[in-house]
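>
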Amino acid sequence: MSTTKSVEGRSAETSALITVGRGARRARRPRRSSTRFVLAPLVFIAAAVVLFALFFLWPGALGLWYSFTDYSGVGTPEFIGAENYIDLAQDPVFYTVLGRTLLYTVLSVPLHYVAALGIAMLLTSTFAKGKSVARIIFFLPWLISPIVAGVIWKWLFGENFGLVNYLIEMLGGNGLQWETNPNLALVLILIVSTWGGTAFNMLLFIAAIRNIPQSYLEAAQLDGANGWQRFYRIVLPLLRPTSFMVILLTTIGAMKEFAMVQALNGGGPGTSNMFIVQYIYRTGFERADVGYASAASMVLMVILIIIAIIQLRFDKRNDLA
């Protein structure tokens with residue numbers, strides 16, 4: 287009997303040990319999988335941090351250093367302190383270029399916003415037909431390089447060889463001075479930038495409009511609200527986050543406009559439509575004054591940061607209200 291009891295006790299202990307061992311192995315498996323799930327995001331985050339440091343932080347730090355030197359693109363830069371910033375503060379051309387850039391931004395942002403929102407409302411309307419084809423047509427300009435777009439529109443609006451002036455003269459009118467009149471040249475820049483930049487903002491608005499619950503609009507319609515009232519009272523307030531994003535991105539893009547203007551009219555006539563990035567380009571590469579151009583770039587970066595902070599504060603106040 288004692289022998290039988292001892293055998294049964296050993297078998298019970300053995301089975302208990304086996305159970306504990308299995309439980310320990312089961313407990314270890316999630317640790318391996320959890321480690322795997324932790325390492326994968328860290329690898330992706332590390333890659334993003336490396337790219338951010340390589341293509342943003344390092345060039346930014348290098349530009350900041352150059353802004354305090356007399357670097358010309360070759361040789362060893364010599365530290366000159368804040369002399370570039372002092373010269374920049376006394377440069378009337380810089381203020382003229384900055385004012386023209388701000389004017390272009392003030393005119394461009396509302397045009398981009400209205401065009402993108404209007405097209406998005408049309409393409410999400412239940413009464414519209416051929417929406418798939420229309421989306422492709424409206425999205426094509428965003429796929430074209432800004433330089434190519436500038437060249438195409440330059441051919442269309444050339445004073446002596448452009449298609450638009452040719453059609454105007456065929457109808458008995460006089461061709462417009464798209465290249466020699468500063469104001470008409472600015473109007474042309476606004477047209478081309480709106481044509482090329484509307485597509486991306488349109489997609490943002492389309493996605494936001496589709497996320498609006500249809501029950502809100504149906505309830506408003508049952509209460510007697512017309513189309514304009516439903517848009518102004520329901521759709522537009524619900525599009526506020528997307529509107530803020532569109533305005534912020536469009537503002538920053540307008541302040542940094544370069545390639546399209548360079549290909550369209552080179553900032554002309556003369557320097558009347560030269561924007562701040564063109565001014566930086568000409569100063570740094572054509573005049574070989576990289577230090578001075580770097581100082582102008584730092585000033586532009588500060589202006590963009592201030593604009594972004596103001597818009598963020600304004601959006602936050604609206605959310606709290």
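In the numbering used here, each number is its position in the sequence shown, counted from 1, plus 286.
Note that beta-carbon positions come from the ideal geometry of N, C-alpha and C, so glycine has one too.
Run through the stretch 387-441 for me and flag every whole alpha helix (DSSP H) of 4 or more residues, listed as ranges in chain order.
The stretch 387-441 contains these whole alpha helix (DSSP H) runs: 417-429.
> Are Gly554 and Glu465 touching if we call contact CB-CB under 8 Å?
Going by C-beta atoms, Gly554 is nearer than 8 Å to Glu465.
> Here's the rule: buried if 16 or more other CB atoms are within 10 angstroms of the residue's CB, otherwise exposed. What is Val306?
Note that Val306 scores a pLDDT of 48, beneath 50, so its modelled location is shaky; the value from the coordinates is reported in the next line. By the neighbour-count rule (16 or more Cβ atoms within 10 Å), Val306 is not buried but exposed.
> What does the alpha-carbon distance come out to for the pair Glu369 and Ile595?
Their backbone Cα atoms lie some 28 Å apart in a straight line.
> When the Cα atoms are used, what is the spatial distance from Met560 to Phe544?
The alpha-carbon atoms of Met560 and Phe544 are separated by roughly 9 Å.
> Tell me whether Ser288 sits in a helix, a strand or coil according to DSSP, three-state version.
Caution applies to Ser288, whose pLDDT of 46 falls short of 50 and renders its modelled position unreliable; the model cannot decide the point.
> Between Leu384, Ile475 and Leu343, which has its C-alpha nearest Gly552's C-alpha?
Of Leu384, Ile475 and Leu343, the residue nearest in Cα terms is Ile475.
> What do you reckon, are the CB atoms on Gly570 and Pro363 nearer than 8 Å?
Contact flag unset, no.
> Could you round the C-beta distance between Phe354 and Gly346 to whole angstroms and report it? I think they count as a contact, below 8 Å.
Between Gly346 and Phe354 the Cβ distance is about 14 Å, and since that is not below 8 Å, they are no contact.
> Helix, strand or coil for Thr557, going by three-state DSSP, please let me know.
Thr557 falls in the coil class under three-state DSSP.
> With DSSP collapsed to three states, give me the class of Thr362.
If DSSP states are grouped into helix, strand and coil, Thr362 belongs with coil.
> Going by C-alpha distance, which of Val585, Leu534, Tyr565 and Ala581 is nearest Ser394?
Of Val585, Leu534, Tyr565 and Ala581, the residue nearest in Cα terms is Leu534.
> Between the stretch 501-512 and the stretch 421-434, do three or more beta carbon pairs fall short of 8 Å?
They do not touch, by the three-pair rule.
> Run through DSSP, which three-state label would Thr466 get?
Residue state, collapsed to three classes: coil.
> Considering Asp373, what are the terminal residues of the alpha helix (DSSP H) in which it resides?
Glu369 to Ala375 is the span of the alpha helix (DSSP H), which, as asked, contains Asp373.
> Evaluate Met287 with the Cβ neighbour count: other Cβ atoms within 10 Å of its Cβ, from every protein chain shown; 16 or more gives buried, anything less gives exposed.
The predicted position of Met287 is uncertain, since its pLDDT is 48 and thus under 50; a value taken from the coordinates is nonetheless stated next. Flag for Met287 reads exposed.
> Go through the stretch 531-579 residue by residue and report every complete run of the alpha helix (DSSP H) that reaches 4 residues or more, in order.
As far as the stretch 531-579 is concerned, its whole alpha helix (DSSP H) runs of at least 4 residues are 545-550 and 562-567.
> Tell me which same chain residues have a C-beta within less than 7 Å of the C-beta of Ser358, skipping the five on either side of it?
So the list reads Ala574, Asp575 and Val576, once near-sequence residues are dropped.
> Give me, in chain order, the residues of the same chain whose beta-carbon lies closer than 7 Å to that of Gln564; leave out the 5 immediate sequence neighbours on both sides.
The residues are Phe544, Val547, Gln548 and Gly553.
> Would you check if the distance between the CB atom of Leu522 and the CB atom of Gly436 is smaller than 8 Å?
The answer is no: Cβ separation not under 8 Å.
> Ala402 and Phe491: beta carbons closer than 8 Å?
Against a cut-off of 8 Å, the Cβ pair of Phe491 and Ala402 comes out as a contact.
> Does the stretch 448-457 touch the stretch 369-388, meaning 3 or more C-beta pairs lie closer than 8 Å?
No, because fewer than three Cβ pairs between the stretch 369-388 and the stretch 448-457 fall closer than 8 Å, the two stretches do not touch.
> Just how far apart, CA to CA, sit Met488 and Pro427?
Using only the alpha carbons, I get a separation of about 12 Å.
> Assuming Phe530 and Gln597 are in contact, meaning their beta carbons sit under 8 Å apart, how far apart are those beta carbons, in whole angstroms?
Rounded, the Cβ-Cβ distance is 7 Å, consistent with contact.
> Is the beta carbon of Tyr390 less than 8 Å from the beta carbon of Leu472?
Contact: yes.
> Which two residues bound the contiguous alpha helix (DSSP H) that contains Arg516?
Its alpha helix (DSSP H) spans residues Gly513 to Arg516.
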